[in-house]
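> Those protein sequences? They're chains A and B, same order as listed. To convert, take the position in the first sequence, counting from 1, and add 10; that gives our numbering. So that you can map any letter, position 433 of the second sequence is 415 in our numbering, and since no number is skipped, the others follow by simple counting. Let me begin by handing over the structure; questions about it come next.
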Amino acid sequence: MTAPTDMTLAGARAALGRREISAVELTRAHLGAIEALNPRINAYITTTPELALAQAEAADAALAKGEGRALTGIPLAIKDLFCTAGTRTTAGSRILGSFVPPYESTVSGNLLRDGAVFLGKANLDEFAMGSSNTTSAFGAVENPWKRQGEEETFLVPGGSSGGSAAAVAARLALGATATDTGGSIRQPAAFCGIAGIKPTYGRCSRFGIVAFASSLDQAGPVARTVEDCAILLGSMAGFDPKDSTSADIPVPDFAAACARGVKGLRIGIPREYRLDGLPAEIAALWDQGMAWLKAEGAELVEISLPHTKHALPTYYIVAPAEASSNLARYDGVRFGLRENGEDLKDLYERTRAAGFGEEVRRRILIGTYVLSAGYYDAYYLKAQQVRALIKRDFDQAWDKVDAILTPATPSAAFGRDEKQDDPVAMYLNDVFTVTANLAGIPGLAVPAGQDAKGLPLGLQILGKPFDEETVFAVGSAIERAAGFTALPALRAAA
Amino acid sequence: MSYTIEGATGPWELVIGLEVHAQVTSKAKLFSGAATEFGAEPNSQVSFVDAGFPGMLPVINRECVAQAVRTGLGLNAQVNLWSRFDRKNYFYADLPQGYQISQYQFPVIGTGEIGIELADGTTKLIGITRLHLEQDAGKSLHDQHPTKSYIDLNRSGVALMEIVSEPDMRSPEEAGAYLTKLRQILRYLGTCDGNMEQGSLRADVNVSVRRAGEGFRTRCEVKNVNSIRFVMQAVEAEARRQIEVWESGGTVDQETRLFDTTRGVTRSMRSKEDAHDYRYFPDPDLPPLVLEQAWVDELAAALPELPDARRARYVGDFGLTPYDAHVLTLEKETAAFYEAVAQGRDPKMAANWVTGDFFAGLNRTGHSIGDSPVSAENLGALLDLIKDGTLSGKLAKEVLEAMFETGKPPAAIVEERGLKQVTDTGAIEGVIDEVMAKNADKVAEFRSGKEKLFGFFVGQTMKAMQGKGNPALVNDLLKKKLAG
Chain A
11 MTAPTDMTLA
21 GARAALGRRE
31 ISAVELTRAH
41 LGAIEALNPR
51 INAYITTTPE
61 LALAQAEAAD
71 AALAKGEGRA
81 LTGIPLAIKD
91 LFCTAGTRTT
101 AGSRILGSFV
111 PPYESTVSGN
121 LLRDGAVFLG
131 KANLDEFAMG
141 SSNTTSAFGA
151 VENPWKRQGE
161 EETFLVPGGS
171 SGGSAAAVAA
181 RLALGATATD
191 TGGSIRQPAA
201 FCGIAGIKPT
211 YGRCSRFGIV
221 AFASSLDQAG
231 PVARTVEDCA
241 ILLGSMAGFD
251 PKDSTSADIP
261 VPDFAAACAR
271 GVKGLRIGIP
281 REYRLDGLPA
291 EIAALWDQGM
301 AWLKAEGAEL
311 VEISLPHTKH
321 ALPTYYIVAP
331 AEASSNLARY
341 DGVRFGLREN
351 GEDLKDLYER
361 TRAAGFGEEV
371 RRRILIGTYV
381 LSAGYYDAYY
391 LKAQQVRALI
401 KRDFDQAWDK
411 VDAILTPATP
421 SAAFGRDEKQ
431 DDPVAMYLND
441 VFTVTANLAG
451 IPGLAVPAGQ
461 DAKGLPLGLQ
471 ILGKPFDEET
481 VFAVGSAIER
491 AAGFTALPAL
501 RAAA
Chain B
-17 MSYTIEGATG
-7 PWELVIGLEV
3 HAQVTSKAKL
13 FSGAATEFGA
23 EPNSQVSFVD
33 AGFPGMLPVI
43 NRECVAQAVR
53 TGLGLNAQVN
63 LWSRFDRKNY
73 FYADLPQGYQ
83 ISQYQFPVIG
93 TGEIGIELAD
103 GTTKLIGITR
113 LHLEQDAGKS
123 LHDQHPTKSY
133 IDLNRSGVAL
143 MEIVSEPDMR
153 SPEEAGAYLT
163 KLRQILRYLG
173 TCDGNMEQGS
183 LRADVNVSVR
193 RAGEGFRTRC
203 EVKNVNSIRF
213 VMQAVEAEAR
223 RQIEVWESGG
233 TVDQETRLFD
243 TTRGVTRSMR
253 SKEDAHDYRY
263 FPDPDLPPLV
273 LEQAWVDELA
283 AALPELPDAR
293 RARYVGDFGL
303 TPYDAHVLTL
313 EKETAAFYEA
323 VAQGRDPKMA
333 ANWVTGDFFA
343 GLNRTGHSIG
353 DSPVSAENLG
363 ALLDLIKDGT
373 LSGKLAKEVL
383 EAMFETGKPP
393 AAIVEERGLK
403 QVTDTGAIEG
413 VIDEVMAKNA
423 DKVAEFRSGK
433 EKLFGFFVGQ
443 TMKAMQGKGN
453 PALVNDLLKK
463 KLAG
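Structure follows, in structure tokens:
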């Protein structure tokens, strides 16, 4: 039998159903792996072994009675941006201090409803702001993958869901929740050689998720296979009256869609994504992806998304603007960190200076600036107009194609000490992913190959709003064709 | 003759506009399910949404929107089927989210107008610029501890309607009449209780002055005035201050001021330079507010009768004087009381009794119409006793007084006190005979032409009957007997 930590989520579910392994055994295996590896990888900020074992025991009891649900007994990591009732939730920031929410986010609640076991809270960039998981107040996360011949180099797992992706890649969880505001699911999934989907905006409730940029934030899963992502999303998604932007649309059987195949599908190849200076390896992988889909019976269609080049600047106006307002509530008055001051203003300044890290402060400043009187029209309003054009680009593309294939990232995982001096270079990581957030469409990253030094590279499939099924179908086809079996250097001992 | 204030250099006109914050009558807050009851224990009506906890999201309360639409319809205003919520960003300890959700650019209600009644009997139309929905903030309590401030978030998130008028008012009286009328409409609609003492209705008063024929000069805003009387005083005080500034060669600066109710003057709160940059932007947590015309039509159809229509009906259908109609329709409760009394009776007689002895009785006993010891049913019954001749007008007043004291129905009081009017001709004749026998000299004088003495005989007869003689019968019988 496969080692418990090497199982896929679907495989573990089947094994649990057949009583080949108990939920407690499965959970213990993961807790052991966490104990061994987390001190180095730092994928978890908080682990909850007692809670996990209690949940696993309850899962075994349910399974024994034949009352297993979609995720009964499946050990997961929960990104520490999801509020979990009774378990500290930090958002990767000092400012939340030892905040323990008295409420459960809808998405994590849905997973609990379906029987999942929570191993702990996954590390992330502070307030989900970052592409390298180096802005966390709880320390950087180490990518379990190593460049061949450079085993000492500390590579980043991507961000902001770096802890979620690293935990899943290193076999410290069967799957994890993540969130994606500009690429925070897809980029770390690609860097860590796993799959991850940002569903359509409104597919998952945002209730109980610490907000970064409300019009862009969307929860989704990361897991080692596309099918595992589909299973997780099926539980996470659904209409929630507590989120006014949640879509009242039925949740289809995503897992079933994985086996559909791509025969007859029209796959768009956006010419604007062939950036100047795109590394040859990335371009080659993209071409390989096209060839695989064509071989499976899909039709390739060159398309134009003319406003693509404006996506990144637009994103870096809209997201900080919303963040500057969303983060105003961290003021030291009601919860979280408080640094007392001479008066109210002093209390605010001391608390926020001590509580927020550099990147968060930078984005609050940018956001405050672009919303200020006299600048609003030139920045925020203009960005909203461009955003509408980017969305229209996609709307028009859907007349011609059923899904779009692009690279997931412009590079493989980079070193912790690379790109750190230049925030703009860091922001470029999101160049292929931000458009999906701006347009509100689903995007899936799937591991498809390796670079010359053995690091994983991902492809991205973009789809129509609320058509995650086609995205899963295309992603699964790539996954099958790629046969990606490489393993990270750091992983639970089998 | 229009209102002016005489300065040292001549007369000045006033230009006044009001921004009224009216708390929406609703069980729950604008974006959370927390209760809104006034006077609850501090921080006992606060949800995690109201307290701005991480991950909490606003969900619009449909009833609050309905109340805003009803109010818009009551103000003869345009209902915008598409409107939007924006965030108004600023830091304060009683503003948990760090922003107030409001409607900045696209309010739910557009332009409208209401008529105000002035003392000279004329009506003037005042334009409504807009009405929008927004959240209230919490309350900071600075006087509970020597060095700390306390925060009560019960109000945080309560729905407010901000109702902005055009600068159409020209005198303190007009400003007072506008606020009175607005409050009357809100109360009729049941969309705001209009209680200014509890802060559920507050006014920001914009005032400027000018010479006749001029355009607008710089205005100042007097914030948070909490009674109609204070609004009128604040207008005058602020106008006089501005006139002094202009006349002494100075310039009025646009600023926000407060009205000091004890000293009767306004003082500066913050200048335009200190004004916040609120960084308004559309709230990304809330989709645009889209209303169906059919829903608005339903609300319009179910709207209660408003004061203007009711007043017109009282004059037209009931034949009341415009003044009585005005007095009876000022408060919804008064009008309802009056209509219950008038139901199936002479409406003018009912109006006379309600506005006359009944109001006097309320005043004397310190009651309001809501807790009146005399019910509309009992006042109606009293009118019936007058109508059927059981009580004279004078006796009825006596019975009404007893009703205020005891709360009993009039029939019971008449019974207990034996106040029933005597209409038995024989009994009255017997008394008259006695009076004439006792006053034979006066009878002789009357018969010799001193007819003024008739009143004396009426008085003596009524006195002998303890006022219970039917006045008409006493008159008739006396005339006959005295004539011999």
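Yeah, the Cβ is synthetic: ideal placement off N, Cα and C, and Gly gets one too. Note that the coordinates shown come from a computational prediction; the quantities given were computed from them, not determined experimentally.
With H, G and I counted as helix, E and B as strand and the rest as coil, what does DSSP make of T311(B)?
Note: T311(B) maps to helix in three-state DSSP.
> Go ahead and label W(-6)(B) buried or exposed: buried means 16 or more other beta carbons lie within 10 angstroms of its beta carbon, across all protein chains shown.
Burial call: buried.
> Counting only beta-carbon atoms, is I42(B) nearer than 8 Å to chain A?
Yes, contact with chain A.
> Is the separation between the beta-carbon of A59(B) and that of L113(B) shorter than 8 Å?
Contact: yes.
> For a quick check, are the C-beta atoms of A494(A) and P457(A) less than 8 Å apart?
The question names Ala, but residue 494(A) is Phe in the sequence shown. Against a cut-off of 8 Å, the Cβ pair of P457(A) and F494(A) comes out as a contact.
> For T244(B), does the count of other Cβ atoms within 10 angstroms reach 16, so buried, or fall short, so exposed?
Exposed.
> Closest by CA to K401(A), which one among Y325(A), S335(A), L381(A) and A221(A)?
Ranking the options by Cα distance to K401(A), first place goes to Y325(A).
> Taking DSSP as the reference, what is the three-state secondary structure of A201(A)?
Here residue 201(A) turns out to be Phe, not Ala, going by the sequence shown. Reduced to three states, the DSSP call for F201(A) is helix.
> Does the pairing of the segment 52 to 70 of chain A with the segment 109 to 129 of chain A give three or more beta-carbon distances under 8 Å?
Yes: the two stretches touch, three or more of their Cβ pairs being nearer than 8 Å.
> Please report the residue range of the alpha helix (DSSP H) in which V272(A) lies.
V272(A) -> no alpha helix (DSSP H), and no H or E assigned at all.
> Kindly list, in the order they appear in chain A, the residues whose Cβ is closer than 9 Å to that of F88(B).
Within 9 Å Cβ-Cβ: nothing; F88(B) doesn't reach chain A, min ~14 Å.
> Give the interface partners of Y81(B) over in chain E, defined as CB-CB distance under 7 Å, in chain order.
In the displayed structure, chain E is absent; the protein chains listed are A and B.
> Got a sec: is the Cβ-Cβ distance from G120(B) to anything in chain A below 8 Å?
Output row for G120(B): interface = no.
> So the candidates are E(-12)(B), T407(B) and T18(B); which of them puts its Cα closest to the Cα of R496(B)?
Nothing in the structure corresponds to residue 496(B), since chain B is present only between -17 and 466.
> Count the other CB atoms, across all protein chains shown, that sit within 10 Å of the CB of N345(B); report buried if there are 16 or more and exposed otherwise.
Flag for N345(B) reads exposed.
> Using three-state DSSP, classify Y132(B) as helix, strand or coil.
If DSSP states are grouped into helix, strand and coil, Y132(B) belongs with the strands.
> Below 7 Å on C-beta distance, what does P323(A) contact in chain B?
Here the premise fails: no neighbours, minimum Cβ distance about 17 Å.
> Using a Cβ-Cβ distance under 8 Å, would R261(B) count as near chain A?
With 8 Å as the cut-off, R261(B) counts as an interface residue toward chain A.
> Please classify W302(A) as buried or exposed, where buried requires at least 16 neighbouring CB atoms within 10 angstroms.
Under this definition W302(A) is a buried residue.
> Taking 8 Å as the threshold (beta carbon to beta carbon), is S224(A) in contact with chain B?
True, the Cβ-Cβ gap to chain B drops below 8 Å.
> For W64(B), does the count of other Cβ atoms within 10 angstroms reach 16, so buried, or fall short, so exposed?
Exposed, by the Cβ-count rule.
> Under a three-way DSSP split, which group does P286(B) fall into?
In the structure shown, P286(B) sits in coil (DSSP, three-state: anything other than H, G, I, E or B).
> Taking all protein chains shown into account, do 16 or more other C-beta atoms lie within 10 angstroms of the C-beta of T189(A), making it buried, or fewer, making it exposed?
So T189(A) counts as buried.
> Helix, strand or coil for M151(B), going by three-state DSSP, please let me know.
Strand.
> Determine the extent of the alpha helix (DSSP H) in which A329(A) is found, giving its start and end residues.
Per DSSP, A329(A) belongs to the alpha helix (DSSP H) from A321 to N336.
> Ignore the nearest five residues each way along the sequence and tell me which others in I31(A)'s own chain have a CB closer than 7 Å to its CB.
Counting only Cβ-Cβ distances below 7 Å, and skipping sequence neighbours, we find P14 and A25.
> Taking 8 Å as the cut-off, does the segment 246 to 256 of chain A touch the segment 213 to 227 of chain A (at least 3 CB pairs, one atom from each stretch)?
Judged by Cβ distances under 8 Å, the segment 213 to 227 of chain A makes contact with the segment 246 to 256 of chain A, as three or more pairs qualify.
> Taking 8 Å as the cut-off, decide whether the C-beta atoms of A138(A) and S194(A) are in contact.
Against a cut-off of 8 Å, the Cβ pair of S194(A) and A138(A) comes out as a contact.
> Is DSSP giving G172(A) helix, strand or coil here?
Correct three-state label for G172(A): helix.
> Could you have a look at K205(B) and say whether DSSP puts it in helix, strand or coil?
Of the three classes helix, strand and coil, the one that applies to K205(B) here is strand, per DSSP.
> Can you tell which of H127(B), E156(B), L55(B) and Q442(B) has the C-alpha that lies nearest to the C-alpha of T104(B)?
Among H127(B), E156(B), L55(B) and Q442(B), the Cα nearest to that of T104(B) is on E156(B).
> Between the Cα of E179(B) and those of N208(B), D68(B), R66(B) and E23(B), spot the shortest distance and give me the residue it belongs to.
Of the listed residues, the one whose Cα sits closest to E179(B) is N208(B).
> Indicate the three-state DSSP secondary structure (helix, strand or coil) for Q394(A) in the structure shown.
In this structure, Q394(A) counts as helix in the three-state DSSP scheme.
> Of all Cβ atoms in chain B, is any one closer than 8 Å to the Cβ of G218(A)?
By this cut-off, G218(A) is an interface position.
> Could you say which of R69(B), H127(B) and A185(B) lies nearest to L240(B) if we only look at CA atoms?
Among R69(B), H127(B) and A185(B), the Cα nearest to that of L240(B) belongs to A185(B).
> Kindly indicate the opening and closing residues of the beta strand (DSSP E) around I88(A).
Per DSSP, I88(A) belongs to the beta strand (DSSP E) from P85 to K89.
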